[in-house]
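Undergrad:
2 protein chains.
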Amino acid sequence: MNNTINIAVVGLGQVGIYLLNELNTKKKDIELKTGKKINIVAISARNINKKRQFKINKKIFFKNPLEIFNKSKVDILFEVIGQSDGLAKIAENNNVNLEFEASVAGGIPILRSIKEGLATNKILKVYGILNGTSNYILSEMENSNQSFSDVLKKAQKLGYAEPGNPKLDLNGFDAFAKVRILSALSFNSKISKHKCLMEGIEKIDLKDIKIANQLDLRIKLLGISELKNGHLFETVHPCLVSKNSYIGNVSGVMNAVILEGKPVGESILQGEGAGPGPTSSALLSDLLSILRGNIKKPLGVSVNKLKSLKPYNFNNYVNSLYLRFEVKDKPGVLSKITNRLAKYKISVKRLIQTPNKKDNKATIVIITHKTSELNCNNCLSIFKKNKDILKTPVLIRLYN
Amino acid sequence: MNNTINIAVVGLGQVGIYLLNELNTKKKDIELKTGKKINIVAISARNINKKRQFKINKKIFFKNPLEIFNKSKVDILFEVIGQSDGLAKIAENNNVNLEFEASVAGGIPILRSIKEGLATNKILKVYGILNGTSNYILSEMENSNQSFSDVLKKAQKLGYAEPGNPKLDLNGFDAFAKVRILSALSFNSKISKHKCLMEGIEKIDLKDIKIANQLDLRIKLLGISELKNGHLFETVHPCLVSKNSYIGNVSGVMNAVILEGKPVGESILQGEGAGPGPTSSALLSDLLSILRGNIKKPLGVSVNKLKSLKPYNFNNYVNSLYLRFEVKDKPGVLSKITNRLAKYKISVKRLIQTPNKKDNKATIVIITHKTSELNCNNCLSIFKKNKDILKTPVLIRLYN
Chain A
815 MNNTINIAVV GLGQVGIYLL NELNTKKKDI ELKTGKKINI VAISARNINK KRQFKINKKI
875 FFKNPLEIFN KSKVDILFEV IGQSDGLAKI AENNNVNLEF EASVAGGIPI LRSIKEGLAT
935 NKILKVYGIL NGTSNYILSE MENSNQSFSD VLKKAQKLGY AEPGNPKLDL NGFDAFAKVR
995 ILSALSFNSK ISKHKCLMEG IEKIDLKDIK IANQLDLRIK LLGISELKNG HLFETVHPCL
1055 VSKNSYIGNV SGVMNAVILE GKPVGESILQ GEGAGPGPTS SALLSDLLSI LRGNIKKPLG
1115 VSVNKLKSLK PYNFNNYVNS LYLRFEVKDK PGVLSKITNR LAKYKISVKR LIQTPNKKDN
1175 KATIVIITHK TSELNCNNCL SIFKKNKDIL KTPVLIRLYN
Chain B
815 MNNTINIAVV GLGQVGIYLL NELNTKKKDI ELKTGKKINI VAISARNINK KRQFKINKKI
875 FFKNPLEIFN KSKVDILFEV IGQSDGLAKI AENNNVNLEF EASVAGGIPI LRSIKEGLAT
935 NKILKVYGIL NGTSNYILSE MENSNQSFSD VLKKAQKLGY AEPGNPKLDL NGFDAFAKVR
995 ILSALSFNSK ISKHKCLMEG IEKIDLKDIK IANQLDLRIK LLGISELKNG HLFETVHPCL
1055 VSKNSYIGNV SGVMNAVILE GKPVGESILQ GEGAGPGPTS SALLSDLLSI LRGNIKKPLG
1115 VSVNKLKSLK PYNFNNYVNS LYLRFEVKDK PGVLSKITNR LAKYKISVKR LIQTPNKKDN
1175 KATIVIITHK TSELNCNNCL SIFKKNKDIL KTPVLIRLYN
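Just so you know, the protein sequences line up as chains A and B, in that order. Throughout the first sequence, residue numbering follows my numbering, covering 815 to 1214 in sequence. Throughout the second sequence, residue numbering follows my numbering, covering 815 to 1214 in sequence.
1. To the nearest angstrom, how far is the alpha carbon of leucine 826/B from that of serine 858/B?
2. Determine the burial state of proline 1052/B: buried for a count of at least 16 other Cβ atoms within 10 Å of its Cβ, exposed for fewer.
3. In three-state DSSP terms, what is cysteine 1010/B?
4. Judging by CA-CA distance, which residue of Glu930/B, Glu1048/B, Lys1021/B is the nearest neighbour of isoleucine 995/B?
5. Please identify the residue among Lys847/A, Ser1099/A, Leu834/A whose C-alpha is closest to the C-alpha of asparagine 1118/B.
6. Around the Cβ of glycine 1087/B, are there at least 16 other Cβ atoms within 10 angstroms (buried) or fewer (exposed)?
7. Should valine 993/B and serine 1059/B be called a contact, given that it needs their Cβ atoms to be closer than 8 Å?
8. Hey, quick one: how far does the alpha helix (DSSP H) through alanine 856/B stretch, first residue to last?
9. Excluding the 5 residues flanking serine 1161/B on each side, which residues of the same chain have their C-beta closer than 7 Å to its C-beta?
10. Using the C-alpha atoms, what's the distance from glutamate 976/A back to lysine 968/A?
11. Relative to the C-alpha of isoleucine 1104/B, which candidate in Phe876/B, Leu834/B, Glu915/B, Leu1083/B has its C-alpha closest?
12. Which residue marks the beginning of the beta strand (DSSP E) containing lysine 1163/B, and which one marks its end?
13. If we count Cβ pairs, one from each stretch, closer than 8 Å, do we get three or more for the region 1087 to 1100 of chain B versus the region 915 to 925 of chain B?
14. Taking all protein chains shown into account, do 16 or more other C-beta atoms lie within 10 angstroms of the C-beta of lysine 873/B, making it buried, or fewer, making it exposed?
15. What does DSSP give as the partner residues of alanine 1070/A in its beta bridges?
16. Output yes if chain B places a C-beta closer than 8 Å to the C-beta of arginine 926/A; else output no.
17. Could you check if glycine 978/B is buried or exposed, using at least 16 other CB atoms within 10 Å of its CB as the buried criterion?
18. Please decide whether arginine 1273/B counts as near chain A, where near means a Cβ-Cβ distance under 8 Å.
19. Determine which residues share a DSSP beta bridge with phenylalanine 892/A and list them.
20. Only counting the same chain, and skipping five residues up and downstream in sequence, which positions put a Cβ closer than 6 Å to that of asparagine 1204/B?
21. Could you work out which residues of chain A lie near lysine 1004/B, taking near to mean beta carbons separated by less than 8 Å?
22. Counting C-beta neighbours from all protein chains within 10 Å, is the total for proline 1077/B 16 or more, i.e. buried, or is it exposed?
23. Starting from aspartate 843/B, find everything on chain A with Cβ-Cβ shorter than 7 Å and list it in chain order.
24. Could you tell me whether the Cβ of glutamate 1086/A comes closer than 8 Å to any Cβ of chain B?
25. Nearest to lysine 1201/B by alpha carbon, out of Gly1044/B, Arg1211/B, Lys1163/B, Gly1146/B?
26. Quick one: measure Cβ to Cβ for arginine 1211/A and leucine 1135/A, integer angstroms, because I've assumed they're closer than 8 Å.
27. Rounded to whole angstroms, what is the Cα-Cα separation between asparagine 959/A and glycine 1091/A?
28. Is leucine 944/A closer than 8 Å to asparagine 1043/A when the C-beta atoms are compared?
29. Please list the terminal residues of the continuous beta strand (DSSP E) segment that includes proline 1052/B.
30. In this structure, how does DSSP classify asparagine 884/A when only helix, strand and coil are distinguished?
31. Taking Cβ-Cβ distances shorter than 7 Å, what residues in chain A pair up with glutamate 836/B?
32. Verify whether the separation of the beta carbon atoms of valine 824/A and leucine 833/A is less than 8 Å.
33. Could you check what DSSP says for asparagine 1133/A in three-state terms: helix, strand or coil?
34. Kindly indicate if chain A contains any beta-carbon less than 8 Å away from that of phenylalanine 938/B.
35. Given isoleucine 862/A, which residues of its chain have a CB within under 6 Å of its CB, disregarding the five upstream and five downstream residues?
This is the structure in structure tokens:
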């Protein structure tokens, strides 16, 4: 590698522009730590004239990022625009680095920790809070007593949620993409494409947050990846966790990843998950890794040696359940519900019925003992058709 | 580097023997991740016949570790016996790796995270729970209601405290050595040799743990390193922290490190601090780093370029204080204490006097507003001579 490294930055949104500023202000520090001088030779974005937080050098601006390679010699390119797929193999075949620390929990050096700091541990499970937008919304609903849609608007104003289409954060998709990256690195396996159990926070009602609070529980969107008898189980869904647990106290835009490995035991990493600062921190750690000539394998081991793991059948996924029924307050309704549960051998741990005298309705909250996903789905299906049950029952899993 | 790497392990105590077993069982995994075969060519300890958890190969045993180099070609040597000093410069001059991830918080990949995952962040502060023995004893005193010396005995039985001489864990020295390593890596500075404020948990009384509990506080031994106006401030001392804080809930043998950096924000890493498993995890991450040909600079930047930081004058260290006085229960004693505090402009935030009618004594607990270390020392000095004050007052700083 030469002593001067030519760098291109493609994408000049919030993250790209912050990164550019960091690169400019940290040139000396980077040279101190790696012995290499960096030189920004090309930048690219859709609009050259857009208002930006920092000034850009228009002389090195390219509207079309692919033209950069015709006009400049680029050693390292930062791509901060969006999704990229199948690049690990191309990178490995060409013996170049592909780094992506910023793709999971920006402020937490989790990918590097799995690939390096915890390498050779047998990781059995990795899980955590991987979507800052969802965690902010859940925390803020609890704190402000406001509805999902009101808090979403606030999150969009504050830049914590996409102003246009926040769907991918809210339906669990973003967290799920991160789970798949964590799985691949933790288990030395291919990025899986299995059908999975994925739920976001879109349907979380303030009412459930309040009831959870009374039960000393809190709702968190968890991403979970686990090896179960050699099968890969990946999921994202809202979980009820204890208010006194570690994960129950990770609030706002914070992310947290918990890793269970042998021989290390339980390792916890927590930090800001998104935003230009934490993301730039991750991007610069990638840069330093490359400049120091560190490992070239994007996924820690050669792509050819990655395992293909069979999927765990999520029908067998076992949890205690929180169920909320909104019902007509008349004789026989409760017994219909409890009989149905009994038929499926789902045993009740706790039941709270709260009448609403005014409109002759009642709320029934049931916490069950453990049961499987399949059993639960079969059991609950019937309630959708019952005219005494006024809405589809709410189901939230308790985290074990 | 050859494809087969010769390895020596010096020290076959709990950690060394666990490491040896890990090396043997993870040979394939290491080859998968690095392309290198490892070959254990020499082991050394004082006693060949000592009872050990795993069998050792006596054919490669050396009583004197220095003889290893005469008889075997060694590429990588694991030293798991004790302290080593000034090695970074020797390693750098000879262009060989010196890795020491296991020296701070075994199960937490903190050194690698600072050198790599968070590299180029401007770190302003790093602190945490760095001594598992002390943290276990404090947690266990609270949980079991037993005295320091009883819990220490229990810790020794369980292998959490050195059976012979646990002093270096209990007087803060061990945590302090870790603080100095964290400082050097965080601030790119030389390992400091400044005189510092260092207190351990030896004098923590069950009585203070109980009173703290009533005040919704908990005592934790914190190691703290901070840049204050460009001066280095390093300290280890017991701190009162809120029971609801993150750090207040890190219990037992767990370690935790909190890092404040720009632009990353606050990063938290938690894991088991000691024991053969977590320590072996750290040692193997060092091995992989070397086998993959990663950075050679032990302290992240060249030894010649490390800064010498001036010490922060710890007389200016400012804290709220918890003071406990054991006094004769007679008129005028309280006013003597409060007058003295007033003279030094130490203002009282909270005062609780509890009489013990039986023996005509009383306990006075005072929580003060913030004051400097110097002011506090000057103020308290007089009480040591006062015959109405029956013991040297207890002082514990509140963590800001």
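Where is the CB? At the ideal position from N, CA and C, for every residue including glycine.
TA: So, from the listed chains and residues:
1. 7 Å
2. buried
3. coil
4. Glu1048/B
5. Lys847/A
6. buried
7. no
8. Looking at the DSSP string, alanine 856/B is not in any alpha helix (DSSP H); the run it does join, the beta strand (DSSP E), is 851 to 858.
9. Thr1182, His1183
10. 11 Å
11. Glu915/B
12. 1162 to 1170
13. yes
14. exposed
15. Ile943/A, Gln1084/A
16. yes
17. exposed
18. Residue 1273/B falls outside the range modelled here, since chain B spans only 815 to 1214, and no answer is possible.
19. Val823/A
20. Sequence check: residue 1204/B is leucine here, not asparagine. Within the same chain, leucine 1204/B has close Cβ partners Glu1140.
21. Correct list: empty, because the minimum Cβ distance to chain A is about 14 Å.
22. buried
23. Thr934
24. yes
25. Gly1146/B
26. 6 Å
27. 29 Å
28. no
29. 1045 to 1056
30. helix
31. Pro1077
32. no
33. strand
34. Going by the sequence as given, residue 938/B is leucine instead of phenylalanine. For leucine 938/B, the answer is no, since every Cβ of chain A falls outside 8 Å of its Cβ.
35. Phe875
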